[in-house]
Structures are given as C-alpha cells and as structure tokens.
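Engineer: In the numbering used here, the protein residues as written are 761 to 863.
Beta carbons are placed, not taken as given, at the ideal position from N, Cα and C, and that holds for glycine.
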Amino acid sequence: MAKVIIEVNALVKKELIGRMVLSEAGHDKGDLYIIIGEYSKDSVLLVNGSTKTTKKPKLKKFKHLSLTDVLDEEIQKSIHEKDKNLDLIIKRFLKLNGNVKEG
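1) Are there 16 or more other CB atoms within 10 angstroms of the CB of aspartate 852, so buried, or fewer, so exposed?
2) Would a C-beta distance cut-off of 8 Å place lysine 812 and leucine 806 closer than the cut-off?
3) Using the rule of at least 16 other Cβ atoms within 10 Å of the residue's Cβ for burial, across every protein chain shown, is lysine 820 buried or exposed?
4) Using the Cα positions of serine 803 and glutamate 834, report the straight-line distance between them to the nearest angstrom.
5) What is the DSSP secondary structure of isoleucine 839, counted as helix, strand or coil?
6) Can you tell me whether isoleucine 777 is helix, strand or coil according to DSSP?
7) Taking only the alpha-carbon atoms, compute the straight-line gap between valine 830 and leucine 848 and give it to the nearest angstrom.
8) Specify the secondary structure class of glutamate 798 as computed by DSSP and reduced to three states.
9) Please classify asparagine 845: is it buried, with 16 or more other beta-carbons within 10 angstroms of its beta-carbon, or exposed?
Written out as structure tokens, the structure reads:
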C-alpha cells in the first residue's frame, strides 16, 4: 500500500485525530500508530491498541513521525465518542493496514 507523507502544518487538529502515522525515530522506529490527541503544538498522543493503549498512550513529537494519508472515519468517530472498545478497533485496523508489534 502506498503511503503519502503529508505536511503537519497543512493539517488542522480535526484532520490529525484518527490519522495513521509511522514512527521514524526511537526504539519504535517503523511502528504504526493512530493519533488520538494533540498534546502540544509539536507533539501528539499515539496508540496501537496493544503495547500503547488509550489508557497509556505514547507521547511523540511530529518531527519523529511520518504522517500517512490513511484516515479512518470509524476510528475518528470512536475516538471522539470515547468508545470503550477503541483499543481493539485500532489494533484490528493496524493489523489490516500494516504491521504492528504484538504485546
């Protein structure tokens, strides 16, 4: 699947939540995550449904991420509604759309 890298500055907050990203630095380099929230102007909260859950998300700076063009409406809706099954939904989505570490 081809992934298009998108400029962070061109996105508004609404377009970040639910977007799939690829870690480009750190021990998790190459792992896929979903953005569930914005922490500051240069960092976001990430989950993968298994090792990083909604109760304990990963904090990562934009400069260490590659944003993809993958944005799922079901995940976006679940994030905004604070769905109790969000981790499971994200884990399944990432398994279908790429590789994720098992935990």
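Structural biologist: Inspection of the coordinates gives the following:
1) Reading off the sequence, residue 852 comes out as arginine, not aspartate. Residue environment analysis places arginine 852 among the exposed positions, since fewer than 16 neighbouring C-beta atoms fall within 10 angstroms of its C-beta.
2) Against a cut-off of 8 Å, the Cβ pair of leucine 806 and lysine 812 comes out as a contact.
3) Buried is the call here.
4) Approximately 23 Å, taken between the alpha carbons.
5) Three-state DSSP puts isoleucine 839 in a helix.
6) Isoleucine 777: coil per DSSP, three-state reduction.
7) Each residue's Cα considered, the two are about 18 Å apart.
8) For glutamate 798, the three-state secondary structure derived from DSSP is strand.
9) Asparagine 845 counts as exposed, since fewer than 16 other C-beta atoms from the protein chains shown sit within 10 angstroms of its C-beta.
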